[in-house]
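Report on one structure; see the data block that follows.
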Amino acid sequence: MVNEDKKTLARMINGDLTWNELKPIISGRKDPNRFDAILEILQEKVPWAEKILLPLHEHLYIVSKDGNRIVKCDCGFEFGDYRENWKTKCRVRVRDTYEALEELYPKYMTSDPEWEELREYFCPGCLALLDTESVPPGYPTIFNFLPDIDMFYEKWLGRKAPDK
Amino acid sequence: MSKNPLGWNGKSLKEMLNESEELIEKTKRYYGIEKLSLKEKDPFRYERSYASLRGALVSARETALHVAASPIVKEIGELCFALYTPEGDSIVVSTGILVHVHTMSEAIKFMIREDYEDDPGINLGDIFLNNDPNCGNVHTTDVQTLIPIYWENELIGWAGGVTHQIDAGGITPGHDLVSAIQRFDDGIYYTCRKIGSNDKIWKDHMINAKRAVRTPMYWELDEKCRMAGNLMIRDAVLDFIKTEGIDYYKRFMREAIEEGRLIVLERVKERLIPGRYRAASFFDIAFKNEAWQPRAKIDKISNMPIEIVIGEEGGISLTFDGASGSGPNPMNCGKGAMEGGQWVLLTQILIYGDKVNDGAYFAVEKEYPLGTWCNPGDPYLSYQSPWGNLIPAYTGMMKSISYGLFSRGFREEVVPGYGFTGDAIQGGGFYSSGPLKGERWSLSTFEISGQGLGASAVRDGLNWGYAMWNPEADLGDVETWELFQGGIPYLARRVKPNSPGHGKYRGGANYEGIAMIAYSREVDFFGAKEGLCFHGSGGMHGGYPHGTGYRLYAKNTNMKEIIQQQADYPLGDPDPRNGQFEKYLKADITRKPYCSIYPIILENYDLVHFAMSGGPGYGDPLERKPERVEQDLNDGIYTKDIVYNVYGVVAEYDEVKEEWKLDESATKARQQELKNERREKSLPFGEYWEIERKKITEKKLGEAATRMYSESIALSTNWAREFKEFWKLPEDFQMEVK
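These protein sequence lines are chains A and B, in that order.
Under numbering that gives the first Met the number 0, the residues of the first sequence are numbered 0 to 163, in order.
Under numbering that gives the first Met the number 0, the residues of the second sequence are numbered 0 to 737, in order.
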């Protein structure tokens with residue numbers, strides 16, 4: 000197993016590792032304590048005090064707040080109960096014309112908007128682009144990941160979740 | 000005909016298979032193995048045993064492709080070998096196109112269930128050939144050779160090898176036939192057929208096979224290649240037993256597979272998070288204006304929703320509930336294709352390294368709903384190009400697992416998807432002059448083996464180096480491709496600008512090529528790739544899907560004069576709006592927004608363009624470091640206008656130094672402008688929902704999307720219920736294609 004000290008992991012999160020530094024981490028044995036190490040780094044990084052239960056996304060975390068488990072952006076915006084799709088609290092732009100799609104892709108290299116549109120989901124707080132969906136018009140918003148937090152902590156890590 | 004049961008302890012193979020399946024059902028463990036006793040007792044002997052068998056298989060592959068093989072097999076190793084238990088479960092595998100390890104497993108089980116033991120018999124030295132997608136294969140151009148391995152009077156296993164053919168004698172030349180719509184278009188079918196005995200391929204079979212395909216020499220070379228590898232494996236297994244003993248081997252094969260299953264569960268618990276994962280992928284089947292056959296003239300989006308549930312024990316349950324229907328197109332998938340695609344991706348993202356075998360297959364529960372593209376239930380449909388559904392569909396599995404990897408802290412392992420292994424240009428013709436006059440050449444470049452991989456959560460995606468079905472992806476050399484497709488030499492190959500998906504970390508980039516018909520007659524040409532839909536399930540965490548494919552070719556050109564005058568000709572299509580074809584050629588130029596086309600006829604000096612895929616991006620593009628975008632410009636990965644619109648990067652080209660230079664202050668201002676635009680042009684979710692819903696209720700959807708919804712609603716009660724609940728539609732809501 001390669002050395003995965005806190006500083007190295009923090010640099011990895013920031014995308015600052017060179018290929019020679021990253022390669023052994025990719026191909027080597029994984030540190031069984033990686034989850035806790037990353038959690039510690041992220042908890043120090045966010046500007047708010049709520050306890051992170053699970054990192055969900057580049058900007059989003061499931062945190063414990065007032066006895067509830069909610070999704071929170073690193074900017075501080077709160078998306079509500081983690082069991083509901085956080086995308087339904089976002090601001091949404093739909094690119095469903097060639098004009099809008101061809102701002103991002105050359106002509107001929109986009110979808111036909113009648114076949115597929117491109118949705119952009121923004122954080123209402125900081126306007127970070129949190130997700131894109133390339134789906135046919137009328138496709139329901141996709142709820143990508145619903146973790147079982149208690150099963151994870153209790154059955155896999157052998158301890159209670161931090162809010163229990 | 001066999002006289003005595005072939006299995007162990009007086010059992011038939013069918014009894015052994017039934018017993019195996021009952022034990023798995025009852026104990027949830029492979030063959031009811033509760034303890035890895037050999038490993039516990041002497042771990043060094045156990046690991047040495049595994050390594051020696053694996054080494055034998057890798058050696059068989061590397062040797063066999065040099066004994067005899069077609070250019071595709073020899074150049075990029077489009078083959079693999081595996082060793083199976085008597086019941087057909089893989090124990091160890093070689094390197095190569097591992098998608099086929101579990102496909103051959105299904106073929107062996109088919110022979111056992113069909114009582115081959117009694118008729119036609121399974122004897123020492125017998126040779127079986129299979130390429131039937133409904134009996135454990137992907138498509139007819141993947142051809143499998145299987146031989147039994149005996150120790151004394153017991154069948155102790157099977158060796159299997161598969162190679163990919165350039166042609167299987169289908170409705171048109173090629174290996175992924177866009178125009179096949181029924182079984183009878185797919186080419187020659189070998190349904191687990193005995194084709195030899197006493198280690199010798201029967202002459203009548205070879206005569207028949209060579210007359211059934213357009214590339215008889217390559218067919219024969221590859222049959223010999225697979226047979227050579229299988230015989231090496233058989234010898235290696237017999238040597239192993241002489242050293243370790245038959246009792247050890249019998250126990251070892253069971254333990255190795257159970258260990259493979261346990262490794263999956265352990266790896267899942269080590270890397271992921273329990274819970275429910277979902278993604279959806281799509282593929283455009285735009286044949287309304289392309290198909291020759293009246294009932295194939297359909298425009299349709301293929302819906303490929305995937306749901307994965309990871310439970311307490313680390314097991315994976317997977318379903319494609321809600322998938323679109325099967326139909327008169329070549330993209331229907333049999334069980335072998337579904338299992339093979341799934342297995343090969345799991346070996347790449349979760350179970351690489353240790354015991355890669357069918358233990359992974361037993362660790363996954365799956366549902367392929369009947370009547371859908373992933374389980375048509377009709378062997379008379381075409382299964383000639385299942386990749387059209389299979390490849391995009393499993394981006395959803397990769398993306399789903401990546402959500403778990405991210406949350407668990409393994410950001411370096413995140414991969415939201417990969418590029419489609421297209422643009423698979425195909426066809427062929429006859430040489431009209433020169434030393435090969437009258438000979439057939441085939442266009443079947445396997446340049447498609449090098450696509451863009453998706454970005455991870457810490458770095459950009461791999462450029463031009465990934466194929467989902469072969470962990471050893473390789474573009475190959477132009478010179479080798481030209482050996483067998485000499486009637487369409489390359490004029491150019493260069494980086495295709497703007498091919499990667501945007502993101503904080505961009506997807507992998509890729510190439511485009513230009514080729515010209517020369518010294519030929521009767522040339523068919525077609526190709527396949529996504530075009531009207533973005534590939535697969537797109538980007539992740541704010542990353543975008545990569546650019547789509549399109550079709551570009553020129554007929555009746557003035558290339559003859561251009562060559563005589565040594566004038567400029569197109570080297571690519573870097574800016575389709577201002578195309579080099581239009582700039583340099585006098586010709587009839589065709590551009591189509593979709594990429595999959597039925598065959599057309601080409602003449603000498605006609606030009607074709609083709610482009611490989613990029614990969615999807617990860618994260619918000621405005622968070623990409625501007626200096627990396629500057630590097631992208633200098634590498635020809637992106638163009639100035641696109642990075643201005645997507646990344647907010649402003650750069651100027653220094654004509655003296657011949658490089659792009661970042662304008663930092665202008666970039667900051669432009670990025671703020673894009674942030675402001677995000678607020679101005681977006682809506683709160685509720686307002687967006689109202690507008691989007693009207694596309695359904697006011698019947699504003701196009702024919703292709705409407706057909707997709709009508710099929711998914713009809714085929715899945717659950718999917719239909721969720722669809723109606725999300726949009727608050729009445730229970731009896733239906734969609735119909737006019």
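Note that CB positions come from ideal geometry on N, CA and C, so glycine has one too.
### Query
Sorted by chain position, which residues of the same chain lie with C-beta nearer than 6 angstroms to B:Val413's C-beta, five sequence neighbours on each side aside?
On the second sequence, position 414 is the one that residue 413 of chain B refers to. Closer than 6 angstroms at Cβ, skipping near neighbours: Ser401, Leu404, Phe405, Ser455, Ala456.
### Cα-Cα separation between B:Asp795 and B:Lys199, rounded to whole angstroms
The question about residue 795 of chain B has no answer here: the residues shown for chain B are numbered 0 through 737.
### Whole-angstrom C-beta distance between B:Tyr188 and B:Asp131, which should lie under 8 angstroms
Counting from 1 along the second sequence, the entry for residue 131 of chain B is found at position 132. Counting from 1 along the second sequence, the entry for residue 188 of chain B is found at position 189. With 8 angstroms as the limit, B:Asp131 and B:Tyr188 qualify as a contact, their Cβ atoms being about 5 angstroms apart.
### Task
Please name the residue in A:Thr140, A:Leu156, A:Lys163 whose C-alpha comes closest to that of B:Ala279.
Position 280 of the second sequence holds residue 279 of chain B. Among A:Thr140, A:Leu156, A:Lys163, the Cα nearest to that of B:Ala279 is on A:Thr140.
### Query
Hey, does A:Cys72 have any beta-carbon neighbour from chain B nearer than 8 angstroms?
Here residue 72 of chain A refers to the residue found at position 73 of the first sequence. No, no contact with chain B.
### Message
Are the CB atoms of A:Asp111 and B:Leu531 within a distance shorter than 8 angstroms?
### Response
As a working note, residue 531 of chain B is residue 532 in the second sequence. As a working note, residue 111 of chain A is residue 112 in the first sequence. The Cβ atoms of B:Leu531 and A:Asp111 sit closer than 8 angstroms to each other.
### Query
What is the DSSP secondary structure of B:Trp685, reduced to helix, strand or coil?
Here residue 685 of chain B refers to the residue found at position 686 of the second sequence. The identity of residue 685 of chain B in the sequence shown is Gly, whereas the question assumes Trp. The three-state secondary structure of B:Gly685, taken from DSSP, is helix.
### Task
For A:Arg92, go through chain B and note every residue whose CB falls closer than 8 angstroms to its CB, in chain order.
Taking the first residue of the first sequence as 1, we reach residue 92 of chain A at position 93. Going along chain B in sequence order, the residues near A:Arg92 (Cβ under 8 angstroms) are Arg677, Lys680, Ser681, Leu682.
### Test: B:Ile272 CB closer than 8 angstroms to a CB of chain A
On the second sequence, residue 272 of chain B is found 273 positions in, with the first residue counted as 1. B:Ile272 counts as touching chain A.
### Message
Along the segment 720-733 of chain B, where does the CB come closer than 8 angstroms to a CB of chain A? Name the residues.
### Response
Cβ contacts with chain A come from Glu721, Phe722, Phe725, Trp726.
### Start and end residues, alpha helix (DSSP H) containing B:Arg112
To locate residue 112 of chain B, count along the second sequence from 1; it is residue 113. Here the alpha helix (DSSP H) through B:Arg112 covers 100-112.
### Within chain A, partners of B:Ile695 - CB distance below 9 angstroms
The sequence position of residue 695 of chain B within the second sequence is 696, counting from 1. From the beta-carbon of B:Ile695, the residues of chain A found nearer than 9 angstroms are Pro136, Gly137.
### Task
Identify every residue that forms a DSSP beta bridge with B:Thr660.
Position 661 of the second sequence, counted from the start, is the residue given in the question as residue 660 of chain B. The amino acid occupying residue 660 of chain B in the given sequence is Lys; Thr does not appear at that position. Beta-bridge partners of B:Lys660 (DSSP): B:Glu651.
### Query
On the premise that B:Glu602 lies in contact with B:Lys554, defined as a C-beta separation below 8 angstroms, what is that separation, rounded to the nearest angstrom?
Position 555 of the second sequence, counting from 1, holds the residue named residue 554 of chain B. Position 603 of the second sequence, counting from 1, holds the residue named residue 602 of chain B. Confirmed, Cβ separation roughly 7 angstroms.
### Message
What would DSSP say about B:Thr26, mapped onto helix, strand or coil?
### Response
Here residue 26 of chain B corresponds to residue number 27 of the second sequence, with the count starting at 1. B:Thr26: helix per DSSP, three-state reduction.
#### Entry: Spatial distance of B:Lys582 from B:Gln425 (CA atoms)
As a working mapping, residue 582 of chain B is identified with position 583 in the second sequence. As a working mapping, residue 425 of chain B is identified with position 426 in the second sequence. When rounded, the distance between both Cα atoms is 26 angstroms.
### Message
For a cutoff of 8 angstroms on Cβ pairs, would you count A:Tyr81 as touching chain B?
### Response
Here the question's residue 81 of chain A lines up with position 82 in the first sequence. No Cβ of chain B is located within less than 8 angstroms of the beta carbon of A:Tyr81.
### Query
From A:Pro136 to B:Phe429, what distance separates their C-alpha atoms?
In the first sequence, the residue the question calls residue 136 of chain A occupies position 137. In the second sequence, the residue the question calls residue 429 of chain B occupies position 430. Rounded to the nearest angstrom, the two C-alpha atoms are 45 angstroms apart.
### Query
If we cut at 8 angstroms on Cβ distances, does B:Met0 have a partner in chain A?
As a first step, residue 0 of chain B must be located in the second sequence, where it is residue number 1. Unreliable placement is indicated for B:Met0, whose pLDDT of 42 sits below 50; the coordinate value is still reported in the next sentence. Not an interface residue.
### Query
Anyone know if the C-beta pair for B:Val648 and B:Pro625 falls short of 8 angstroms?
As a first step, residue 648 of chain B is located in the second sequence; it is residue number 649 there, counting from the start. As a first step, residue 625 of chain B is located in the second sequence; it is residue number 626 there, counting from the start. In contact: B:Val648 and B:Pro625 (Cβ atoms closer than 8 angstroms).
### Query
Quick one, which residues of the segment 298-310 of chain B are near chain A if we go by CB-CB under 9 angstroms, in chain order?
For the segment 298-310 of chain B, residues whose beta-carbon sits nearer than 9 angstroms to a beta-carbon of chain A comprise Asp298, Ile300, Asn302, Pro304, Ile309, Gly310.
### Task
Quick one: which unbroken alpha helix (DSSP H) runs of 4-plus residues sit fully inside the segment 37-96 of chain B? Chain order, please.
Counting only runs of 4 or more, we get 42-66, 70-75.
### Message
By DSSP's criteria, B:Tyr504 is part of a beta bridge. Which residues make up the other side?
### Response
Here the question's residue 504 of chain B lines up with position 505 in the second sequence. The bridge partners DSSP lists for B:Tyr504 are B:Tyr617.
### Query
Are the segment 229-241 of chain B and the segment 73-83 of chain B touching, with three or more C-beta to C-beta distances below 8 angstroms?
Under the three-pair Cβ rule at 8 angstroms, the segment 229-241 of chain B counts as touching the segment 73-83 of chain B.
### Message
Here's a check: name, in chain order, each residue in its chain whose Cβ is nearer than 7 angstroms to the Cβ of A:Val62, leaving out the five neighbours to either side.
### Response
Here residue 62 of chain A is taken as the residue at index 63 of the first sequence, counted from 1. Cβ neighbours of A:Val62 beyond the five flanking positions: Glu49, Lys50, Ile51, Leu52, Ile69, Lys71.
### Query
Does the Cβ of B:Met0 have 16 or more other Cβ atoms within 10 Å, making it buried, or fewer, making it exposed?
The count along the second sequence starts at 1 and reaches residue 0 of chain B at position 1. A caution first: B:Met0 carries a pLDDT of 42, below 50, which makes its placement in the model unreliable, though a value can still be read off. If you draw a 10 Å sphere on the C-beta of B:Met0, you find fewer than 16 other C-beta atoms in it, and that means exposed.
### Message
When you compare the segment 464-483 of chain B with the segment 440-453 of chain B, are there three or more beta-carbon pairs, one atom per stretch, that lie closer than 8 angstroms?
### Response
Judged by Cβ distances under 8 angstroms, the segment 464-483 of chain B makes contact with the segment 440-453 of chain B, as three or more pairs qualify.
### Message
Can you check which of these residues, A:Asp130, A:Ile37, A:Tyr138, is closest to B:Lys398 by C-alpha distance?
### Response
Counting from 1 along the second sequence, the entry for residue 398 of chain B is found at position 399. With distances taken between CA atoms, B:Lys398 lies nearest to A:Asp130 out of A:Asp130, A:Ile37, A:Tyr138.
### Task
With distances taken Cα to Cα, identify the nearest neighbour of B:Ile588 among B:Ser595, B:Tyr597, B:Asp572.
By one-based count along the second sequence, residue 588 of chain B stands at place 589. The residue with the shortest Cα to Cα distance from B:Ile588 is B:Asp572.
### Query
Given a limit of 8 angstroms on CB to CB distance, which residues of the segment 404-424 of chain B reach chain A?
For the segment 404-424 of chain B, which is checked against every Cβ of chain A, the residues closer than 8 angstroms are Phe405, Ser406, Arg407, Gly408, Phe409, Arg410, Glu411, Glu412.
### Query
So which residues on chain B does A:Ile25 lean against when the C-beta distance must stay under 8 angstroms?
Against the first sequence, residue 25 of chain A aligns to sequence position 26. Going along chain B in sequence order, the residues near A:Ile25 (Cβ under 8 angstroms) are Glu411, Glu412.
### Query
Given B:Tyr115, which residues of its chain have a CB within under 6 angstroms of its CB, disregarding the five upstream and five downstream residues?
Against the second sequence, residue 115 of chain B aligns to sequence position 116. Sequence-distant partners of B:Tyr115 (beyond 5 residues in either direction) whose C-beta falls short of 6 angstroms from its own C-beta, in its chain, are Ile121.
#### Entry: Coil, strand or helix - B:Arg623 by DSSP
Residue mapping note: residue 623 of chain B aligns to position 624 of the second sequence, counting from 1. If DSSP states are grouped into helix, strand and coil, B:Arg623 belongs with coil.
### Task
Give me the Cβ distance between B:Pro368 and B:Leu714, rounded to the nearest whole Å; I'm assuming they're in contact under 8 angstroms.
Walking along the second sequence from the start, residue 368 of chain B turns up at place 369. Walking along the second sequence from the start, residue 714 of chain B turns up at place 715. Sure, about 6 angstroms apart at Cβ, within 8 angstroms.
### Task
Within 10 angstroms of the Cβ of A:Pro54, are there 16 or more other Cβ atoms? Answer buried if so, exposed if not.
As a first step, residue 54 of chain A must be located in the first sequence, where it is residue number 55. Here A:Pro54 is buried. Its C-beta has 16 or more other C-beta atoms within 10 Å.
#### Entry: Proximal residues, the segment 97-118 of chain A versus chain B, C-beta separation under 7 angstroms
The residues in question are Glu102, Leu103, Tyr104, Pro105, Lys106, Tyr107, Met108, Thr109, Ser110, Asp111, Glu113, Trp114, Glu115.
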